[in-house]
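*Asks:* Protein chains in written order, with our numbering: chain E, 85 to 283; chain C, 32 to 305. Here a beta-carbon is modelled for each residue, glycine too, at the ideal position from N, C-alpha and C.
1) Note down the Cα distance separating residue 209/E from residue 158/C, rounded to an integer number of angstroms.
2) Identify which residue in 178/C, 201/C, 216/C, 103/C has its Cα closest to the Cα of residue 55/C.
3) Starting from residue 197/E, trace the alpha helix (DSSP H) both ways and give me its first and last residue.
4) In whole angstroms, what is the alpha-carbon distance linking residue 224/C and residue 40/C?
5) So if DSSP puts residue 240/C in a beta bridge, which residue, or which two residues, is it bridged to?
6) To the nearest angstrom, how far is the alpha carbon of residue 88/E from that of residue 57/C?
7) Given that residue 62/C touches chain E, what residues does it touch there, using C-beta distances under 7 Å?
8) Just the C-alpha distance for residue 234/E and residue 121/E, rounded to the nearest angstrom, thanks.
9) Does any residue of chain E bring its CB to less than 8 Å from the CB of residue 247/C?
10) With a threshold of 8 Å between beta carbons, is residue 178/E in contact with chain C?
11) Name, in chain order, the residues that DSSP records as bridge partners for residue 235/E.
12) What residue range does the beta strand (DSSP E) around residue 178/E cover?
13) Along the chain, where does the alpha helix (DSSP H) that runs through residue 105/E open and close?
14) Thinking residue 242/E and residue 97/E are a contact (beta carbons under 8 Å), I'd like their distance in whole angstroms, please.
15) For a test of the three-state rule: what should DSSP assign to residue 274/C, helix, strand or coil?
16) Roughly how many angstroms lie between the CA atoms of residue 283/E and residue 274/E, to the nearest whole one?
17) Buried or exposed, going by whether 16 or more other CB atoms sit within 10 Å of the CB of residue 175/E?
18) Look at the Cβ atom of residue 13/C, then the Cβ atom of residue 241/C, and state whether they are nearer than 8 Å.
19) Counting only runs of 3+ residues fully inside the region 77 to 155 of chain C, write out the beta strand (DSSP E) ranges in chain order.
20) Per the contact definition of three or more C-beta pairs closer than 8 Å, is the region 200 to 216 of chain E in contact with the region 125 to 139 of chain E?
21) Below 8 Å on the Cβ atoms is my guess for residue 116/E versus residue 272/E; work out the distance and round it to an integer in Å.
22) With burial defined as no fewer than 16 other Cβ atoms inside 10 Å of the residue's Cβ, what is the status of residue 121/C: buried or exposed?
23) Between which two residues does the alpha helix (DSSP H) carrying residue 135/E extend?
24) I believe residue 61/C touches residue 177/E by the beta-carbon criterion, under 8 Å. Please report the beta-carbon distance rounded to the nearest angstrom.
25) Determine whether the Cβ of residue 145/C lies closer than 8 Å to any Cβ atom of chain E.
26) I'd like to check one pair, residue 145/C with residue 111/C: are the Cβ atoms closer than 8 Å?
27) Could you say if the region 165 to 174 of chain C and the region 205 to 212 of chain C meet the contact criterion of at least three C-beta pairs nearer than 8 Å?
28) Contact criterion: CB-CB distance below 8 Å. Does residue 230/E meet it with respect to chain C?
29) State yes or no: is the beta carbon of residue 106/C nearer than 8 Å to at least one beta carbon in chain E?
30) Going along chain C in order, which residues have a C-beta closer than 8 Å to the C-beta of residue 193/E?
31) By a C-beta neighbour count over all protein chains shown, 10 Å radius and 16 as the cutoff for buried, is residue 152/C buried or exposed?
32) At a CB distance below 7 Å, what residues from the region 156 to 170 of chain C approach chain E? Give them in sequence order.
33) Find the nearest neighbour of residue 239/E within the set 181/E, 99/E, 94/E, judged by alpha-carbon distance.
34) Using a Cβ cut-off of 7 Å, which residues of the region 146 to 160 of chain E contact any Cβ in chain C, in chain order?
35) Taking C-beta pairs closer than 8 Å, name the residues in chain C that residue 203/E reaches, listed in chain order.
36) Can you tell me the Cα-Cα spacing of residue 230/E and residue 90/E, whole angstroms?
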């Protein structure tokens, strides 16, 4: 079935692991879109994040591989110490160019290149974090007509990242962490039905 | 056709113009990264469109040189992934000791941090004196820096820690002299290194190698160009020669997966089969 949306990108930093678990655990195994995540991590932290998140989630969670084709219903995590980029043929690229917003992987790099690939069919989500990485990406998602959800700063372990996203543009939805997963599911299901019946 | 489609046409024309005018071939690079860097350069220069940038680079060599530094990513560090250098020392060096003379090609060496890291490993393993290292890059600016072997002192703390994690046996400070904000790598490390211009997109084989190291270069290429580079490496290696890629790079899904075997799988160290 045709969907108004084709991918979800998520950026998170300090406090993000707990927040990501809250979002992902609300999604069923038949969630129809790929979910691509940049969580700021220590450069040598290896692949433990995919394991932790996979344990609490009905969806397959894995670290994104170089040139891997993006599949629906899979959660991809950026490898530590690399930027994660999306090509227009919807495959991943990696890069070790310098940190952006002091971060590698950087949320902005993921979001900006996700726009090249998915254009207005993109949902961007900003969760807890102590810097402003992601706010340029959020601005560009809104410019092209995509959808942006931001964690309510009051419920974030670190509120700088959500605040920076909210300050830079008019985001679509600001929600407490426990409501983001259910809302995302509803948004995607609803738009599938509407979009499907219109076509 | 929307703005993004139009920009894609402009980008394609820009890369074509760069190739025709200056001979650097970025046409088969992974597009997302190139596009992002071009767009950021656009904003920095206050240009309106990629077409305007194309006009500027055709007539302004100094502008092209700035853009070239954006397009060829030159981020590197000493002993990036210390576990790789530890494997090089523990698993590869004992095999290399069987040869009376060694040729090593470091492709895409950038500013040289990893070339010096390799040279130090070879020295400590008693292999340096019988080795010729070819350190190549397409960008002459970074190649000059590599040849100078002068690095920012602010990163030395991290490099020293990496050196130790990589199985370093001496005091890392024996390998450099500090001058104000910089360190100068010891001259003896450079004796057997030949720094030279080579472009993996356009140049060919230049010698038979016992080991080729090309780490975090292929990630910037599309599949076609990756295929070309891997073919070049395959043709340049002697039988049983080693190929070392970056930790997120792999030949597993390429057409060359059958002609190499894993030596240290998790460190992406391969060996050419007969």
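*Replies:* The answer reads as follows:
1) By 1-based counting over the first chain, the position of residue 209/E is 125. By 1-based counting over the second chain, the position of residue 158/C is 127. Each residue's Cα considered, the two are about 52 Å apart.
2) For the purposes of this step, residue 55/C is taken as the residue at position 24 of the second chain. The residue with the shortest Cα to Cα distance from residue 55/C is 103/C.
3) Taking the first chain and counting its residues from 1, one reaches residue 197/E at position 113. Start and end: 191 to 202.
4) As a first step, residue 224/C must be located in the second chain, where it is residue number 193. As a first step, residue 40/C must be located in the second chain, where it is residue number 9. A straight-line Cα-Cα distance of about 42 Å links residue 224/C and residue 40/C.
5) As a position in the second chain, residue 240/C is number 209, starting the count at 1. Partner residues in the beta bridge of residue 240/C, as assigned by DSSP, are 268/C.
6) Working through the first chain from its first residue, we reach residue 88/E at position 4. Working through the second chain from its first residue, we reach residue 57/C at position 26. Between residue 88/E and residue 57/C, the C-alpha separation is close to 34 Å.
7) Taking the first residue of the second chain as position 1, residue 62/C is located at position 31. Within chain E, the residues near residue 62/C are 171, 172.
8) As a position in the first chain, residue 234/E is number 150, starting the count at 1. As a position in the first chain, residue 121/E is number 37, starting the count at 1. Distance between the alpha carbons of residue 234/E and residue 121/E: 14 Å.
9) Along the second chain, read from residue 1 onward, the residue named residue 247/C stands at position 216. Taking Cβ atoms only, chain E reaches closer than 8 Å to residue 247/C, which makes this a yes.
10) Taking the first residue of the first chain as position 1, residue 178/E is located at position 94. Closer than 8 Å to some Cβ of chain C, the Cβ of residue 178/E qualifies, so yes.
11) Numbered from its first residue, the first chain carries residue 235/E at position 151. According to DSSP, residue 235/E bridges with 259/E.
12) For the purposes of this step, residue 178/E is taken as the residue at position 94 of the first chain. That run of the beta strand (DSSP E) goes 176 to 179.
13) Here residue 105/E refers to the residue found at position 21 when the first chain is read from its first residue. 100 to 109 is the extent of the alpha helix (DSSP H) around residue 105/E.
14) Position 158 of the first chain holds residue 242/E. Position 13 of the first chain holds residue 97/E. Distance from residue 242/E to residue 97/E at the Cβ level is roughly 7 Å; contact confirmed, criterion being Cβ atoms closer than 8 Å.
15) For the purposes of this step, residue 274/C is taken as the residue at position 243 of the second chain. The DSSP-derived three-state label of residue 274/C is strand.
16) For the purposes of this step, residue 283/E is taken as the residue at position 199 of the first chain. For the purposes of this step, residue 274/E is taken as the residue at position 190 of the first chain. Residue placement at residue 283/E cannot be trusted, given a pLDDT of 46 that sits under 50; the coordinates are not used to answer.
17) Here residue 175/E corresponds to residue number 91 of the first chain, with the count starting at 1. Taking all protein chains shown into account, residue 175/E has 16 or more neighbouring C-beta atoms within 10 Å of its C-beta and is therefore buried.
18) A question about residue 13/C goes unanswered here, because the residues of chain C that appear run from 32 up to 305.
19) As summarised for the region 77 to 155 of chain C, the continuous beta strand (DSSP E) elements at least 3 residues long and confined to that stretch are 133 to 138, given in chain order.
20) Contact between the region 125 to 139 of chain E and the region 200 to 216 of chain E is absent, because fewer than three Cβ pairs lie under 8 Å.
21) Taking the first chain and counting its residues from 1, one reaches residue 116/E at position 32. Taking the first chain and counting its residues from 1, one reaches residue 272/E at position 188. Between residue 116/E and residue 272/E a beta carbon distance of about 6 Å is seen, short of the 8 Å cut, so the two are scored as contacting.
22) Start at 1 with the first residue of the second chain, and residue 121/C comes out as number 90. So residue 121/C ends up on the exposed side.
23) Taking the first chain and counting its residues from 1, one reaches residue 135/E at position 51. Going by DSSP, residue 135/E is part of the alpha helix (DSSP H) stretching over 132 to 139.
24) Here the question's residue 61/C lines up with position 30 in the second chain. Here the question's residue 177/E lines up with position 93 in the first chain. The C-beta distance from residue 61/C to residue 177/E rounds to 4 Å, short enough to fall under 8 Å.
25) By 1-based counting over the second chain, the position of residue 145/C is 114. By this cut-off, residue 145/C is not an interface position.
26) For the purposes of this step, residue 111/C is taken as the residue at position 80 of the second chain. For the purposes of this step, residue 145/C is taken as the residue at position 114 of the second chain. Yes, Cβ-Cβ distance for residue 111/C and residue 145/C is below 8 Å.
27) The region 165 to 174 of chain C makes no contact with the region 205 to 212 of chain C: fewer than 3 CB pairs, one atom from each, lie closer than 8 Å.
28) On the first chain, position 146 is the one that residue 230/E refers to. Output row for residue 230/E: interface = no.
29) For the purposes of this step, residue 106/C is identified with residue 75 of the second chain, where counting begins at 1. Cβ-Cβ to chain E under 8 Å: yes for residue 106/C.
30) Against the first chain, residue 193/E aligns to sequence position 109. What residue 193/E touches in chain C: 67.
31) The count along the second chain starts at 1 and reaches residue 152/C at position 121. The C-beta of residue 152/C has 16 or more other C-beta atoms within 10 Å across all chains shown, which makes the residue buried.
32) So the list is empty, because no residue satisfies the distance condition.
33) Taking the first chain and counting its residues from 1, the one referred to as residue 239/E is at position 155. By alpha-carbon distance to residue 239/E, the top candidate from 181/E, 99/E, 94/E is 99/E.
34) So the list reads 150, 151, given in the order they occur along the chain.
35) Position 119 of the first chain, counted from the start, is the residue given in the question as residue 203/E. 33, 35, listed in chain order.
36) Along the first chain, one-based indexing puts residue 230/E at 146. Along the first chain, one-based indexing puts residue 90/E at 6. One alpha carbon belongs to residue 230/E, the other to residue 90/E, and they sit about 10 Å apart.
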